[in-house]
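Protein chains in written order, with this note's numbering: chain A, 1 to 181; chain W, 1001 to 1084.
Ideal placement from N, C-alpha and C gives every residue a C-beta, glycine not left out.
Bear in mind that the values here come from a model prediction, so they are computed numbers and not experimental data.
Have a look at the structure below before the remarks.
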């Protein structure tokens, strides 16, 4: 985790561009990776990283230098990613071609057929974005629930509830497609 | 949905969507894009601030004429207001 000196944070709060660049250089990779975990598209993650830091700059006067910069940036990044997921047309679904472009699971279970994996990914893409974010961060990326809660601006209990609802909806969708998990 | 179902769905999900990876980096330096975004946002704001000064000269001339006319013939002000 980058060590942001209080001087830099105070200067950033006052709108200093050099301080903003220092914070950008220190946090851009973490913000990019966090967004990538949510949107799963490197090109979109790059654009959203730019959007996130623009929003961060716009909100500099509201930043409290006594608090760490990382979680604040992560929360703004999560909101930008959520806006992106919501703006995507619902009919845009994962195709077999998209699925083939996904990185291969390092420990892919040969017992789970490629078709089931594709249908699972497609069913997941149909979930409401706020449930999708909670599930992808907590289940797929195995991020600490406390961190996920802070990024989403909700309680840990609410994260657990969203994950449960996401899994239940996913199961229902898969059963409807004839897949019994 | 019982705990076994939940675990099975989680496993399916992890297989369908592998973790994005913790070593992935942006393919380019994003700082120039951030600066462009800041500039693009600043331009409309600057244009809004500069708006009163960017009025065409004849608008200013018309406004000055109206002020002079109103000062010379104050009785006509209610008539002008009536026709506005």
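query                                                                                                                                                              : result
Beta carbon of residue 170 of chain A, beta carbon of residue 1013 of chain W: below 8 Å?                                                                          : yes
Output needed in chain order: residues of the stretch 1009 to 1021 of chain W with a Cβ under 8 Å from some Cβ in chain A.                                         : 1009, 1010, 1011, 1012, 1013, 1014, 1015, 1016, 1017, 1018, 1019, 1020 and 1021
Determine the direct distance from the alpha carbon of residue 131 of chain A to that of residue 1017 of chain W, and round the result to whole angstroms.         : 15 Å
Measure from the C-beta of residue 167 of chain A to each C-beta in chain W and report whether the shortest distance is under 8 Å.                                 : yes
How many Å lie between residue 52 of chain A and residue 127 of chain A at the Cα?                                                                                 : 24 Å
When you compare each of A:178, A:150, A:163 and A:120 to residue 1015 of chain W by their alpha carbons, which one comes out closest?                             : A:120
Could you check if residue 1068 of chain W is buried or exposed, using at least 16 other CB atoms within 10 Å of its CB as the buried criterion?                   : exposed
Please return the same chain residues whose Cβ sits closer than 7 Å to the Cβ of residue 138 of chain A, not counting the five positions on each side in sequence. : 145, 148, 159 and 163
Note down the Cα distance separating residue 47 of chain A from residue 1076 of chain W, rounded to an integer number of angstroms.                                : 60 Å
Is it right to say residue 1043 of chain W is buried, meaning 16 or more other beta carbons lie within 10 angstroms of its own, or is it exposed?                  : exposed
Quick one: grab the DSSP three-state call for residue 144 of chain A.                                                                                              : coil
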